[in-house]
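Asker: Let me begin by handing over the structure; questions about it come next.
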Amino acid sequence: MSNPSLLILPGDGIGPEVMAEVRKIISWFGDKRGLEFDVSEDLVGGAAYDAHGTPLTDETMEKAQEVDAVLLGAVGGPKYDNLDFSVKPERGLLRLRKEMDLYSNLRPAQCFDALADFSSLKKDIVAGLDIMIIRELTSGIYFGEPRGIIKEGNERVGINTQRYTESEIARVARSAFELARKRGNKVCSMEKANVMESGILWRDVVQEVHDAEYPDVELSHMYADAGAMQLVRAPKQFDVIVTDNLFGDLLSDAAAMLTGSLGMLPSASLGAPMANGRPKALYEPVHGSAPDIAGQAKANPCACILSFAMALRYSFDQGEEATRLEKAVEAVLADGVRTADLMQADGVDPATTSQMGDAVIAKLDASL
Ligand code: NAD
Ligand code: IPM
Ligand code: MN
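Position 212 of the sequence shown, counted from 1, bears residue number 242 in the working numbering, the numbering being contiguous throughout.
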């Protein structure tokens with residue numbers, strides 16, 4: 031049988047820097063665990079725009095559709111801020127998500143013990159935190175029509191449309207209930223049914239799917255604004271949170287800070303199963319291209335490394351190896367080896383991106 035295939039899209043800013051560390055980890059699993067991947071690499075975002083005048087070529091899109099999993103670094107940056115909307119780096123990422131139909135975006139927020147002191151919240155609020163935000167990723171206000179900037183009389187009007195079909199809500203709800211069954215068996219669904227019709231439909235459909243197919247899972251509903259408040263007041267009350275595209279974007283950045291740094295948070299974007307049974311999948315850190323620190327060897331590669339751990343778990347059925355990698359990251363942090371975004375012990379210099387990657391490799395070696 032041929033090796034599973036991986037397409038690596040490093041992208042822009044710190045994307046290539048953190049991805050270089052992931053490549054070391056991928057090689058380690060090939061050399062030491064016999065887990066070989068056929069790896070190819072291509073351009074996305076501003077890097078693709080610079081080379082081809084588009085943030086994602088049709089050829090790259092086709093490759094992404096064919097491989098077993100895509101790993102993406104980050105896209106965007108000030109250099110591209112004034113480009114026409116249709117060729118902005120972010121459009122490349124959105125096209126991947128939409129055309130691969132990656133409707134279920136898993137964004138775990140786990141607080142490693144070693145970082146509990148570093149959260150902007152009190153230690154006892156976040157210590158031991160382990161929640162999973164499931165963000166709908168292919169619909170809602172990100173994609174709804176009509177959209178655009180139009181002229182009305184003498185004024186410009188900006189338009190975006192929140193739109194959800196029943197089936198779009200039902201499939202992401204199923205994904206949340208399935209995952210909850212493997213965790214704490216609790217789902218909290220967040221919308222704004224008090225002010226949005228799409229929120230009313232969201233709440234109804236989630237409840238219907240629950241009652242018909244997952245009555246054993248504990249389900250609650252919360253308005254998303256109250257949910258944001260609860261997420262910082264008492265985040266450990268949650269197990270799985272399921273929410274729409276825009277609310278999920280905001281809530282997952284907020285949740286990231288509970289864990290200490292945006293540089294720690296991985297994600298998996300999953301679609302329907304392919305012919306080989308694996309889900310269509312793209313793995314990426316939650317953070318962006320971090321232009322303020324790009325090119326300075328300061329980026330924390332953990333979010334990207336942990337995204338590869340998610341690939342091992344969700345695409346390649348290698349849960350034990352995923353745990354090995356997660357434990358290696360945890361052990362590095364516990365040793366006090368940390369990039370500059372994380373708290374340093376007095377008198378200890380921050381680790382560079384590649385020192386952090388090497389430290390993870392050393393812990394992987396030690397795990398054998
Ligand atoms: P950002 O996530 O790039 O950065 C926010 C802050 O977090 C910055 O101070 C940055 O230095 C820090 N940070 C982020 N990742 C880090 C890491 N791994 N290690 C250490 N520090 C880290 O968000 P932004 O500044 O709002 O956006 C910058 C660009 O990235 C924009 O063009 C935006 O559209 C894009 N973006 C892309 C993605 C993606 O590719 N998935 C996600 C978010 C933002
Ligand atoms: C994210 C980012 C993206 C989003 C951008 C870069 C398109 O913020 O992945 O969270 O808004 O979804
Ligand atoms: Mn975001």
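All residues carry an ideal CB built from backbone N, CA and C; glycine is no exception. None of the values given here were measured: they were computed from a predicted structure.
Can you tell me the Cβ-Cβ gap for Thr168 and Arg127, rounded? I've got them flagged as a contact below 8 Å.
Answerer: Going by Cβ atoms, the distance from Thr168 to Arg127 rounds to 6 Å, so yes, they are a contact pair.
Asker: Just list the residues that DSSP pairs Cys218 with in beta bridges.
Answerer: According to DSSP, which records beta bridges pairwise, Cys218 is partnered with Ser250 and Ile271.
Asker: Note down, one range per segment and in chain order, each alpha helix (DSSP H) of at least 4 residues found wholly within the stretch 323 to 361.
Answerer: Fully enclosed alpha helix (DSSP H) runs of 4 or longer: 332 to 344.
Asker: Looking at the strands, I want to know which residues DSSP matches up with Ser70.
Answerer: DSSP output for Ser70 lists Leu37 as bridge partner(s).
Asker: Are the stretch 97 to 117 and the stretch 138 to 156 touching by the rule of at least three beta carbon pairs closer than 8 Å?
Answerer: Touching, no.
Asker: Under the three-state reduction of DSSP, which class applies to Tyr172: helix, strand or coil?
Answerer: Tyr172 falls in the helix class under three-state DSSP.
Asker: Ignore the nearest five residues each way along the sequence and tell me which others in Glu51's own chain have a CB closer than 8 Å to its CB.
Answerer: Closer than 8 Å at Cβ, skipping near neighbours: Pro331, Cys334, Ile335, Thr383, Ser384, Met386, Gly387 and Val390.
Asker: Report the residue from Ala381, Leu372, Asn306 and Ser397 whose alpha carbon sits nearest the alpha carbon of Phe148.
Answerer: Nearest of Ala381, Leu372, Asn306 and Ser397 to Phe148, Cα basis: Leu372.
Asker: Out of Ser337, Ser35 and Pro303, which has the shortest C-alpha to C-alpha gap to Val316?
Answerer: Closest by alpha carbon: Ser337.
Asker: Using CA atoms only, rank isn't needed, just tell me which of Gly183, Gly214 and Glu221 is closest to Arg193.
Answerer: Cα-wise, what sits closest to Arg193 is Glu221.
Asker: Tell me whether Ser319, by its Cβ, gets closer than 6 Å to a heavy atom of ligand 1.
Answerer: Correct: Ser319 has its Cβ closer than 6 Å to ligand 1.
Asker: Roughly how many angstroms lie between the CA atoms of Glu166 and Ala258, to the nearest whole one?
Answerer: Each residue's Cα considered, the two are about 17 Å apart.
Asker: For Glu66, I'd like the list of residues in its chain whose CB is within less than 6 Å of its CB, leaving aside the five on either flank, ordered along the chain.
Answerer: If we look at Glu66 and ignore the five residues flanking it on each side, its Cβ neighbours are Asn33 and Gly60.
Asker: Taking only three categories from DSSP, how would you classify Val187?
Answerer: The answer is strand: DSSP assigns Val187 an E or B state.
Asker: Taking C-alpha atoms, which residue in Val239, Glu182 and Met252 lies nearest to Phe207?
Answerer: The shortest Cα separation from Phe207 among Val239, Glu182 and Met252 belongs to Val239.
Asker: Would you please state the rounded distance, in angstroms, between the beta carbons of Leu342 and Ala352? I believe it to be under 8 Å.
Answerer: Going by Cβ atoms, the distance from Leu342 to Ala352 rounds to 4 Å, so yes, they are a contact pair.
Asker: Please report the straight-line C-alpha distance between Leu73 and Met162, rounded to a whole angstrom.
Answerer: Distance between the alpha carbons of Leu73 and Met162 is about 30 Å.
Asker: State whether the stretch 235 to 253 contacts the stretch 275 to 286, with contact taken as three or more CB pairs (one from each stretch) at a distance under 8 Å.
Answerer: The stretch 235 to 253 vs the stretch 275 to 286: no contact.
Asker: What residues match up with Asp160 in a beta bridge as DSSP calls it?
Answerer: Paired residues: Gln140.
Asker: Have a look at Pro296 and Gly43 and give me their C-alpha separation to the nearest angstrom.
Answerer: When rounded, the distance between both Cα atoms is 17 Å.
Asker: With a threshold of 6 Å (Cβ to nearest heavy atom), would Glu51 be considered close to ligand 1?
Answerer: Result no, Cβ not under 6 Å from ligand 1.
Asker: Report the rounded CA-to-CA distance for Tyr110 versus Gly75, giving the unit in angstroms.
Answerer: For Tyr110 and Gly75, the distance between alpha carbons rounds to 9 Å.
Asker: Is Glu129 near ligand 2 - that is, is its Cβ less than 6 Å away from at least one heavy atom of it?
Answerer: For ligand 2, not one heavy atom lies less than 6 Å from the Cβ of Glu129.
Asker: Once DSSP output is grouped into helix, strand and coil, what is the label at Leu394?
Answerer: Three-state DSSP puts Leu394 in a helix.
Asker: For Tyr79, does the three-state DSSP call read helix, strand or coil?
Answerer: DSSP places Tyr79 in helix when its eight states are reduced to three.
Asker: Given a cut-off of 7 Å, decide if Ala223 and Arg213 are closer than it, judged by their beta-carbon atoms.
Answerer: Contact: no.
Asker: Give the straight-line distance between the Cα atoms of Gly366 and Ala381, rounded to the nearest whole angstrom.
Answerer: Distance between the alpha carbons of Gly366 and Ala381 is about 10 Å.
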